[in-house]
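Input: a single structure, listed below in structure tokens.
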Amino acid sequence: MVYYQKMTPTGYQKIEEEIARLKKDRPRRIKILQEARSLGDLSENTEYTEAKRDLGHLQSRLRYLEKQLKYAEVIEKNDDGKVDLGKTVTLRFDDDEETEKYQIVGRMEADNAEGKISFDSPLGQAINKKEAGAVVNVAAPAGEYQVTILAVE
17 MVYYQKMTPT
27 GYQKIEEEIA
37 RLKKDRPRRI
47 KILQEARSLG
57 DLSENTEYTE
67 AKRDLGHLQS
77 RLRYLEKQLK
87 YAEVIEKNDD
97 GKVDLGKTVT
107 LRFDDDEETE
117 KYQIVGRMEA
127 DNAEGKISFD
137 SPLGQAINKK
147 EAGAVVNVAA
157 PAGEYQVTIL
167 AVE
């Protein structure tokens, strides 16, 4: 059974852009490796070792990202009024009355600093498929808390 990684169209595009950037950088890294190899004795050639390692990291990252795209399931946003992948939700944390706005994204796109939470995080799972006005209990590793969904866009 193949497991497809859910993501937004924006997340898919960012991966495509990173792949293009890495592929563009690959010839430069190969040239650095070739120049380092021409310096002579490879057993004591630090430049060669570093260039080989850097090229290996680049190749590994490319394989990883290409696999992400291969197994991506791009989810388009719908207008049913329920919390789902790609939508933006405004939440009030009931314990401290603080209001936050989050975009619900795929696992690979999650970035709390940018206000993007994964649909399969404890908060994402708790609010998934709920509508504005719902009060939801969230079971997180640090303990339970309650949020109210103020808006779903």
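Numbering of the sequence shown is given in the numbering used here, commencing with residue 17 and proceeding in unit increments. Each residue gets a CB set at the ideal place from its N, CA and C atoms; glycine is no exception.
Practice item. Determine, using beta carbons only, whether VAL152 and ALA142 come nearer to each other than 8 Å. Key: yes
Exercise for review: Please classify ASP136: does DSSP put it in a helix, a strand, or coil?
Suggested key: coil
Review point. What separation, rounded to the nearest whole angstrom, lies between the Cα atoms of VAL90 and LYS22?
Key: 6 Å
Exercise for review: In the DSSP assignment, find the unbroken beta strand (DSSP E) run with LEU107 in it and report its ends.
Suggested key: 104–109
**Study point:** Given 8 Å, three or more beta-carbon pairs between the stretch 82–97 and the stretch 18–37
**Key:** yes
Check your understanding: In terms of alpha-carbon separation, which member of VAL163, GLN75, TYR19 lies closest to PRO138?
Key -> VAL163
**Study point:** Proximity of GLN84 and MET124 at Cβ, strictly below 8 Å
**Key:** yes
**Study point:** GLU33: first and last residue of the uninterrupted alpha helix (DSSP H) it sits in
**Key:** 25–53
Check your understanding: Hey, GLY16 and LEU107: beta-carbon distance below 8 Å or not?
Key -> Absent from the structure is residue 16, since the part of the chain shown begins at 17 and ends at 169.
**Study point:** For TYR118, the residue or residues it bridges with in DSSP
**Key:** VAL105
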